[in-house]
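Notes for the one structure printed next.
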Amino acid sequence: MSVELAWTILHAFNWIVLGYFILLNSVYLVTSIFAFRALRLYARRLKALEIDDLVAGAGAPPISLIAPAHNEEATCVESVKSLLALNYPDFEILVVNDGSSDRTLERLAEAFDLVPSPRSPTAEIPTKNVREIYRSRRSPDLWVIDKENGGKADALNVGVNHCHSPFFCAIDADSLLERDALSRIIRPFLEDGTTVASGGIIRIVNGCTVNSGMVTDIRLPRSLLASFQVLEYLRAFLAGRMGWDAMNSTLIISGAFGLFRRTTVVDVGGYATDTVGEDMELVVRMQRHCLEKGIPARIGFVPDPVAWTECPETMKVLGRQRDRWQRGLIETLSRHRVMLFNRRYGTIGTTAFPYFYCLEMMGPIIELCGYIVFIASWFAGILTPLFVTAFLLVALVLGIALSIAAVGLEELSFRRYPRQSDLLKLFALAIVENFGFRQLCTYWRVRGVYSALRGRKGWGKMDRKGFGDGARG
Amino acid sequence: MDFQPGSVVGLVFPEHDLATNLVLILLCVSIVALFFLSVIFAGITIRLRIFNTRKALHWKRLEAEWEPLILSHLVGEKTVAEVHAAVLPRDQLFFIDFLLRYARRLRGEERENLAELARPWLPRIVARMKSGDVTQRARAVHTVCNLGVHEHAAAIIETLDDPAPLVVLIAARALAQKEHPEYAPHILARLERFDSWSQNFIVSMIAQIGPAIAGDLVGILESPSRVGRVRAMAAEALKQLNHLDAADVAVRVLKSETHREVLAACLRLLGAVGRNEHASLVRRFCNSTDPMVRAHAYRTLGFLGDKDDAPVFRHALEDDFPWVGMSAAASLVQIGARDVLERFAASGHPRASLARQALMQEGS
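Written out as structure tokens, the structure reads:
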């Protein structure tokens with residue numbers, strides 16, 4: 002009887018894995034199709050309404066850039082210089098030093114001639130204590146808020162409290178924004194007065210040449226691990242987020258680059274400080290708040306404003322990052338599970354949330370168990386080698402098809418990798434990543450699930466090389 | 005139950021029964037289909053790359069050919085016919101696109117000369133303003149607006165009734181010209197169509213038409229049949245135009261209106277064009293239950309009031325809403341009551357930084 006039960010479980014699990022596999026990839030295909038259409042329309046829209054005209058005509062609403070910094074002495078000066086060089090008529094920079102234990106504050110003070118300066122808060126989101134507020138004598142639009150360590154979300158909340166503009170742009174202190182990134186990311190707010198947040202695209206700077214805080218030569222990284230992430234980001238942003246945006250169901254805006262309407266963020270109470278996925282949590286909470294209160298609100302993704310960021314080049318750091326992302330996802334989705342399959346929340350409740358909950362959150366566990374059960378079934382003789390080979394081939398070819406589709410979307414829209422060799426390398430990566438990298442990602446995500454179950458908090462350390470002039474990864 | 009491997013409908017069994025074979029066949033078909041899909045995707049991507057590269061080279065060649073001709077035409081060295089002779093029939097729309105790049109940079113006579121080059125081929129684009137999808141129509145309207153707004157004004161005005169807000173906005177922006185206020189009524193009559201666009205954007209657009217439309221804006225502000233947002237935009241545009249006669253209209257509206265956006269806009273308008281005699285009315289709004297209205301009232305009172313209002317502002321520094329406090333602090337500076345602000349800044353009150361900031365901003 003117990004053998005029979007084990008066999009039945011194995012059978013059942015094979016079906017679950019197959020169902021999960023079909024469902025997940027169908028969603029990927031559907032979002033890719035939506036993204037294809039949306040990107041084409043967006044490119045045409047860009048031609049019809051020149052962005053500079055639009056911003057100039059709108060009188061360029063002021064934006065406060067909030068850059069939380071914790072132990073960023075290697076990159077903070079370069080990053081701030083690049084922010085100061087942004088091409089936007091009216092913006093200020095609030096760097097929030099989150100109790101750094103290195104020389105972040107000293108380096109900023111030396112580089113920008115900081116002096117203590119009063120700045121009154123406009124909101125009262127609870128945060129750790131602010132020690133001092135500085136303003137740069139060299140660049141009066143630069144403010145540095147020094148506070149006790151409280152984590153990234155807490156630092157962002159301090160920034161929101163001290164934001165005097167109708168919009169704030171949350172960025173990572175170690176990201177490089179393209180010169181026209183603000184002009185482009187403000188566009189949805191000008192085009193649709195109900196917009197409360199918009200996210201830009203994150204691209205990987207490893208391998209590119211950076212001069213004066215500007216990416217001047219775009220290339221794929223030399224490191225294979227970083228190259229895999231380039232492809233992964235193309236899939237995630239151009240196929241994934243663009244597709245979800247086309248369905249008006251955006252649930253994630255990357256913490257590295259997103260623009261928000263200040264009042265809405267203040268109304269929902271700012272960033273949650275008890276999660277490592279504060280970026281996603283805020284967006285989900287804003288969606289939920291606006292849907293529950295019947296406030297017309299749009300949260301969207303814009304594919305052309307770019308923030309360049311350094312990706313991990315070692316397994317250890319990448320593993321920690323993916324562990325954290327998975328924990329953040331679980332924390333957010335668990336907190337808002339009332340939205341799951343709930344019609345009250347429209348497409349988000351019936352489609353996007355269930356997708357993230359059932360496929361992205363549970364996915365790694367199902368996938369890992371799938372591998373184990375698959376092997377067990379093979380050894381038990383339930384699955385024939387022919388079936389195993391066929392199934393693995395389907396998975397492989399589907400993975401390749403989706404990755405190549407993402408490369409195609411990039412070619413269709415922005416063509417950031419102009420070298421033929423880079424295009425061919427991206428094709429090759431689409432094949433090679435299926436042999437090891439994807440499995441590793443699954444393992445890290447499973448570890449994230451385990452960490453979440455254990456209630457682990459904290460970010461883990463991220464080593465940075467910095468963007469010194471001429472830097473190339 | 006007597007368990008027999010192969011009898012249960014599962015994925016695959018050692019014995020290749022019907023179900024197993026069916027699944028296997030499906031998998032094999034999927035492999036072949038997905039393989040071809042991958043090849044097709046890769047093919048499309050490579051084709052796109054080749055197409056884009058060729059297109060870029062073609063553009064580069066045409067640019068090198070046309071640029072000197074166009075510049076010569078702009079300085080009067082080449083005639084329209086001479087320039088057109090260099091444009092092959094298949095490149096005519098490319099040529100219009102190319103002219104569009106210059107159009108945004110040129111003004112006056114130079115722009116007229118440029119538009120002259122586009123004139124014979126522009127009707128093809130005009131026809132597209134009513135066909136195709138939203139972005140195609142928008143692109144066509146954008147092109148015609150830049151290269152032949154006056155010749156095709158009637159057609160452009162018709163596009164103000166296009167179902168797509170993007171098309172309407174592009175047309176409205178082109179028609180909103182100081183030199184041609186005769187187009188303005190068409191835009192003002194359709195202000196409700198711009199409800200999704202940023203208010204500042206629309207206000208800047210209509211204000212740039214100039215004082216000629218002030219009367220129309222006053223009419224909109226006073227009209228209860230127009231929606232509150234549109235009336236607020238009219239008040240804001242009047243403020244940007246610094247239309248002094250609008251002060252009495254703002255007073256009338258403030259006395260009868262309850263819509264918060266209209267109230268706030270009228271208060272801002274009074275702050276710009278009002279007189280001291282309006283201060284008493286504004287003081288009433290300092291007690292509004294709506295913090296947005298209160299904040300604007302305190303700011304306006306800073307412009308219209310005097311030192312006697314200092315205690316009111318001092319009290320407002322402690323208002324529950326920081327924005328109200330900030331307005332009051334700025335107004336204290338405005339009326340010259342620095343001493344009140346300095347005392348508050350030194351008081352150790354949680355809002356003291358607000359006063360310090362206002363003082364610092366005054367000094368900077």
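So the sequence lines, in the order shown, correspond to chains Z and H. For any residue, its number in our numbering is found by taking its place in the first sequence, counting from 1, and adding 1. For any residue, its number in our numbering is found by taking its place in the second sequence, counting from 1, and adding 4. Virtual Cβ for every residue (Gly too), placed ideally from N, Cα, C. Please read these numbers as outputs of a predicted model, since none were measured by experiment.
CB-CB length for residue 391 of chain Z against residue 28 of chain H, believed under 8 Å: Position 390 of the first sequence, counted from the first residue, corresponds to residue 391 of chain Z. Position 24 of the second sequence, counted from the first residue, corresponds to residue 28 of chain H. With a Cβ gap of about 6 Å, residue 391 of chain Z and residue 28 of chain H count as contacting.
Residue 311 of chain H classed as buried or exposed, judged by whether at least 16 other C-beta atoms fall within 10 angstroms: As a working mapping, residue 311 of chain H is identified with position 307 in the second sequence. Exposed, by the Cβ-count rule.
Chain-ordered chain Z contacts of residue 330 of chain H [CB-CB under 9 Å]: By 1-based counting over the second sequence, the position of residue 330 of chain H is 326. Within chain Z, the residues near residue 330 of chain H are 121, 123, 165.
Beta-carbon neighbours of residue 46 of chain H, restricted to chain Z and to distances below 7 Å: Against the second sequence, residue 46 of chain H aligns to sequence position 42. Simply 405, 428.
As assigned by DSSP and simplified to three states, the class of residue 170 of chain Z: Taking the first sequence and counting its residues from 1, the one referred to as residue 170 of chain Z is at position 169. Residue state, collapsed to three classes: strand.
Own chain, CB closer than 8 Å to residue 142 of chain Z, minus 5 neighbours either side, in chain order: Counted from its first residue, the first sequence places residue 142 of chain Z at position 141. Only 85, 92, 93, 94 meet the Cβ criterion.
Beta-carbon spacing of residue 203 of chain H, residue 180 of chain H below 7 Å: For the purposes of this step, residue 203 of chain H is taken as residue 199 along the second sequence, with counting starting at 1. For the purposes of this step, residue 180 of chain H is taken as residue 176 along the second sequence, with counting starting at 1. No, they are not a contact pair.
Inter-residue Cα distance where the pair is residue 287 of chain H and residue 301 of chain H: Here residue 287 of chain H refers to the residue found at position 283 of the second sequence. Here residue 301 of chain H refers to the residue found at position 297 of the second sequence. Computed Cα separation, rounded: 7 Å.
Interfacial residues, the region 310-327 of chain H to chain Z, with Cβ spacing under 7 Å: 326, 327
C-beta contact flag for residue 258 of chain Z and residue 201 of chain Z at 7 Å: Counting from one through the first sequence, the residue named residue 258 of chain Z turns up at place 257. Counting from one through the first sequence, the residue named residue 201 of chain Z turns up at place 200. Contact: yes.
Beta-carbon contacts of residue 11 of chain Z that lie in its chain and below 8 Å, excluding the five residues immediately before and after: The residue labelled residue 11 of chain Z in the question sits at position 10 within the first sequence. Only 374, 377, 378, 381, 383 meet the Cβ criterion.
Start-end ranges of the alpha helix (DSSP H) lying completely within the region 229-315 of chain Z, minimum 4 residues: 243-247, 263-268, 279-294
Beta-carbon proximity check, residue 333 of chain H vs residue 358 of chain H, cutoff 7 Å: Numbered from 1 along the second sequence, position 329 holds the residue referred to as residue 333 of chain H. Numbered from 1 along the second sequence, position 354 holds the residue referred to as residue 358 of chain H. Against a cut-off of 7 Å, the Cβ pair of residue 358 of chain H and residue 333 of chain H comes out as a contact.
Residue 161 of chain Z versus Z:126, Z:193, Z:191, Z:192, residue with shortest Cα-Cα distance: As a first step, residue 161 of chain Z must be located in the first sequence, where it is residue number 160. Selected option, being the one with the closest Cα: Z:126.
Residue 347 of chain H - DSSP class collapsed to helix/strand/coil: Locating residue 347 of chain H in the second sequence gives position 343, counting from the first residue. Helix.
Expected contact under 8 Å - CB spacing of residue 269 of chain H and residue 250 of chain H to nearest Å: As a working note, residue 269 of chain H is residue 265 in the second sequence. As a working note, residue 250 of chain H is residue 246 in the second sequence. In fact, because the Cβ distance is near 11 Å, the residues do not count as touching under 8 Å.
Length of the line joining the Cα atoms of residue 148 of chain H and residue 130 of chain H: Mapped onto the second sequence, residue 148 of chain H falls at position 144. Mapped onto the second sequence, residue 130 of chain H falls at position 126. If you take the alpha carbons of residue 148 of chain H and residue 130 of chain H, they lie about 7 Å apart.
Inter-residue spacing [alpha-carbon to alpha-carbon] between residue 277 of chain Z and residue 149 of chain Z: For the purposes of this step, residue 277 of chain Z is taken as the residue at position 276 of the first sequence. For the purposes of this step, residue 149 of chain Z is taken as the residue at position 148 of the first sequence. Taking the straight line joining both Cα atoms gives about 18 Å.
Beta-carbon proximity check, residue 208 of chain Z vs residue 221 of chain Z, cutoff 7 Å: As a first step, residue 208 of chain Z must be located in the first sequence, where it is residue number 207. As a first step, residue 221 of chain Z must be located in the first sequence, where it is residue number 220. Yes. Within cutoff.
Coarse secondary structure for residue 471 of chain Z, derived from DSSP in three states: In the first sequence, counting from the first residue as 1, residue 471 of chain Z sits at position 470. In this predicted model, residue 471 of chain Z has a pLDDT of only 49, less than 50, meaning its place in the structure is not dependable; the value taken from the coordinates is given anyway. In the structure shown, residue 471 of chain Z sits in coil (DSSP, three-state: anything other than H, G, I, E or B).
Of the listed residues H:296, H:40, H:54, nearest to residue 421 of chain Z (C-alpha basis): Stepping through the first sequence from its first residue, residue 421 of chain Z is reached at position 420. Answer by Cα proximity: H:54.
Contact under 7 Å by Cβ, residue 271 of chain H with residue 293 of chain H: For this step, residue 271 of chain H is matched to residue 267 along the second sequence. For this step, residue 293 of chain H is matched to residue 289 along the second sequence. Against a cut-off of 7 Å, the Cβ pair of residue 293 of chain H and residue 271 of chain H comes out as no contact.
Coil, strand or helix - residue 130 of chain Z by DSSP: Taking the first sequence and counting its residues from 1, one reaches residue 130 of chain Z at position 129. Coil.
Residue from Z:451, Z:212, Z:415, Z:450 whose Cα sits closest to the Cα of residue 56 of chain H: Along the second sequence, read from residue 1 onward, the residue named residue 56 of chain H stands at position 52. Checking every option, the nearest Cα to that of residue 56 of chain H belongs to Z:415.
Where residue 426 of chain Z falls: helix, strand or coil (DSSP): Taking the first residue of the first sequence as position 1, residue 426 of chain Z is located at position 425. In the structure shown, residue 426 of chain Z sits in a helix (DSSP, three-state: H, G or I).
Neighbourhood of residue 79 of chain H by C-beta distance below 8 Å, restricted to the same chain and skipping five residues each side: What you label residue 79 of chain H is simply residue 75 of the second sequence in a count that begins at 1. Taken in chain order, the list of residues that qualify is empty.
Same chain only: Cβ atoms within 6 Å of residue 176 of chain H, ignoring 5 sequence neighbours per side: Numbered from its first residue, the second sequence carries residue 176 of chain H at position 172. Only 191 meet the Cβ criterion.
Residues bridged to residue 96 of chain Z (per DSSP): Indexing the first sequence from 1 puts residue 96 of chain Z at position 95. In the DSSP output, where bridge partners are listed per residue, residue 96 of chain Z has Z:68, Z:145.
Buried/exposed call for residue 16 of chain Z, threshold 16 Cβ in 10 Å: Numbered from its first residue, the first sequence carries residue 16 of chain Z at position 15. Burial call: exposed.
Alpha-carbon to alpha-carbon, residue 210 of chain H and residue 241 of chain H: Counted from its first residue, the second sequence places residue 241 of chain H at position 237. Counted from its first residue, the second sequence places residue 210 of chain H at position 206. Rounded to whole angstroms, residue 241 of chain H to residue 210 of chain H spans 7 Å at the Cα level.
Short CB-CB distance (under 7 Å) between residue 295 of chain Z and chain H: Within the first sequence, the letter at position 294 stands for residue 295 of chain Z. For residue 295 of chain Z, the answer is no, since every Cβ of chain H falls outside 7 Å of its Cβ.
Under 8 Å (Cβ pairs) to chain H, residues found in the region 167-199 of chain Z: 190, 191, 192, 193, 194, 195
Cut-off 6 Å between Cβ atoms - residues of its own chain near residue 354 of chain Z, not counting five sequence neighbours on either side: By one-based count along the first sequence, residue 354 of chain Z stands at place 353. Once the five neighbours on either side are set aside, the close Cβ partners of residue 354 of chain Z are 340, 341.
Presumed contact (8 Å Cβ cut-off) between residue 231 of chain Z and residue 309 of chain Z, rounded CB distance: On the first sequence, position 230 is the one that residue 231 of chain Z refers to. On the first sequence, position 308 is the one that residue 309 of chain Z refers to. Their Cβ separation, rounded to whole angstroms, is 11 Å, which puts residue 231 of chain Z and residue 309 of chain Z out of contact at 8 Å.
Beta strand (DSSP E) segment containing residue 216 of chain Z, residue limits: To locate residue 216 of chain Z, count along the first sequence from 1; it is residue 215. Residues 215-218.
CB contact check: residue 53 of chain H to chain Z, cutoff 7 Å: By 1-based counting over the second sequence, the position of residue 53 of chain H is 49. For residue 53 of chain H, the answer is yes, since a Cβ of chain Z falls inside 7 Å of its Cβ.
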